[in-house]
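Protein sequences, first through last, are from chains G, W and A. All the letters of the first sequence, read from the start, carry residue numbers 1 to 136 under full-length UniProt numbering. All the letters of the second sequence, read from the start, carry residue numbers 1 to 136 under full-length UniProt numbering. All the letters of the third sequence, read from the start, carry residue numbers 1 to 136 under full-length UniProt numbering.
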Amino acid sequence: MSEKTAITPATHAAPPARFSHGVRKGNILQVAGQVGFLPAVEGRAPEVAGPTLREQTLQTFANVKAILEEGGASWDDVMMLRVYLTDVDHFAEMNEIYDEYFGEQNLKAPAAARTTVYVGLPPGLLIEIDALAVLG
Amino acid sequence: MSEKTAITPATHAAPPARFSHGVRKGNILQVAGQVGFLPAVEGRAPEVAGPTLREQTLQTFANVKAILEEGGASWDDVMMLRVYLTDVDHFAEMNEIYDEYFGEQNLKAPAAARTTVYVGLPPGLLIEIDALAVLG
Amino acid sequence: MSEKTAITPATHAAPPARFSHGVRKGNILQVAGQVGFLPAVEGRAPEVAGPTLREQTLQTFANVKAILEEGGASWDDVMMLRVYLTDVDHFAEMNEIYDEYFGEQNLKAPAAARTTVYVGLPPGLLIEIDALAVLG
């Protein structure tokens, strides 16, 4: 019997509904959909890192990573990243940022699998990412 | 060696293709995308619970829950809920219904992670939800 | 401690960014989003199997299957297939192709669960599929 635990990094505001930013049970860790919100400031509404795809993508990665680390995992444990973009024309630029970011993460294990699709997101948001990790 | 079993609640019509409403293998249970269809009536086409987001969301939750329970799981075992809406303007109302529903479910474990994105669905459907559970 | 391994079938071109076509760790195998690209020809850009939903769907299935098999799995191990279509009007035809294809695969275990949603994809692509498998 493994206990299910919620993962709530100090940088993250409370979710807008009864869900967890991340949950871990046994060796499975699931990260909820993250967007480019800056670290939460108490008493203020969530603020996006910037209007550009680059700013939002890097902040989204930071937000996913914070949950992984709070749950005892790292990028090396991630099996799947789901990338939601709002615009097909952002694919090439997202891939550039993706490669640059993961090139700097000193991964010791193979890169995660990935699916990228184009959906609607709330106004002002260009990217959302969630992750499934399996720990060692 | 764990056996893979299909989960088919009595309330559910046969899927429209060769997939299962739910499958379990070992401690992993996957619920297929559920929509707001009322309990199946033999010989009749699936009927949606109603035109409103509230009616469809509550029925969709009931349909997910029926699969979890038929597979020996509960909401407490759910790691991830994927919520597909057709309209960004439905986000706030869906969150209200979500909180109300889970507030009544007497959860003993932390809430699941969640991703919400906005996609196309067949005409008349406003919400679809799938779930990944890890049993205790 | 299970090792995480990348799965790269000989038929597949290098991914367009730092992600893996498939990864396996312990008994979990994740297949990245696959589209209808024909087997890779060195020095040439990826080419889609054809303009029709049928051609692309069958090629996409072949691409998913190649990753499953390279990772030591089969369709019988698949728990979840996520099907992304670009057009709601393709649902019925996709289901026909789906049933025909899986009817020929001699499955020994129950069919996987499935979610189908309608999203944007890069120009010329009508379908994308990813898969989560749990090995025996």
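We put the CB at the ideal spot given by N, CA and C, even for glycine. In this text, all values refer to a predicted model and were calculated from it rather than measured experimentally.
Asked, Found
"Can you pull the chain A residues whose beta carbon is under 8 Å from the beta carbon of residue 46 of chain W, in chain order?", "In chain order: nothing, as chain A lies at least about 13 Å away."
"Using 7 Å as the limit for Cβ to Cβ distance, is residue 28 of chain A near chain G?", "yes"
"What's the call for residue 210 of chain G, buried or exposed, on a 16-neighbour Cβ count within 10 Å?", "Coverage of chain G is limited to positions 1 through 136, which leaves residue 210 of chain G absent and any answer about it impossible."
"Restricting to Cα atoms, I'd like to know which of G:27, G:29 and G:129 is closest to residue 37 of chain G.", "G:129"
"Count the other CB atoms within 10 Å of the CB of residue 108 of chain A; is the residue buried (16 or more) or exposed (fewer)?", "exposed"
"Between the Cα of residue 5 of chain W and those of W:17, W:12, W:27 and W:16, spot the shortest distance and give me the residue it belongs to.", "W:27"
"Check the Cβ-Cβ distances between residue 114 of chain W and every residue of chain G, and say whether any is below 7 Å.", "yes"
"So, for residue 56 of chain G: in the same chain, excluding its five sequence neighbours on each side, which residues have a beta-carbon less than 8 Å away from its beta-carbon?", "35, 36, 48, 49, 50, 125, 126 and 127"
"In whole angstroms, what separates the C-alpha of residue 18 of chain W from that of residue 30 of chain G?", "28 Å"
"Report yes or no: is there a C-beta of chain A within less than 7 Å of the C-beta of residue 87 of chain W?", "no"
"Which residues of the stretch 62-78 of chain W have a Cβ closer than 8 Å to any Cβ of chain A? Give them in chain order.", "none"
"In terms of alpha-carbon separation, which member of G:23, G:43, G:97 and G:45 lies closest to residue 66 of chain G?", "G:23"
"Starting from the N-terminal side, write out each stretch of the alpha helix (DSSP H) that is 4 residues or longer and does not extend beyond the stretch 18-78 of chain G.", "53-70"
"State the DSSP-derived secondary structure class of residue 103 of chain W, mapped to helix, strand or coil.", "helix"
"Assuming residue 132 of chain G is part of the beta strand (DSSP E), what are its boundary residues?", "127-134"
"Buried or exposed: residue 103 of chain G, going by 16 or more other Cβ atoms within 10 Å of its Cβ?", "exposed"
"Keeping to the same chain, check which residues put their C-beta closer than 7 Å to that of residue 79 of chain G; ignore five residues upstream and five downstream.", "112, 113, 132, 133 and 134"
"Which whole-angstrom value describes the C-beta separation of residue 117 of chain A and residue 121 of chain W, a residue pair presumed to lie in contact below a C-beta threshold of 8 Å?", "7 Å"
"Indicate the three-state DSSP secondary structure (helix, strand or coil) for residue 119 of chain A in the structure shown.", "coil"
"At 9 Å on the CB atoms, spell out the chain W contacts of residue 103 of chain A, in chain order.", "18"
"Using Cβ-Cβ distances below 8 Å, what residues of the stretch 124-136 of chain W are close to chain A?", "128, 130 and 132"
"Between residue 110 of chain W and chain G, is any beta-carbon pair separated by less than 7 Å?", "yes"
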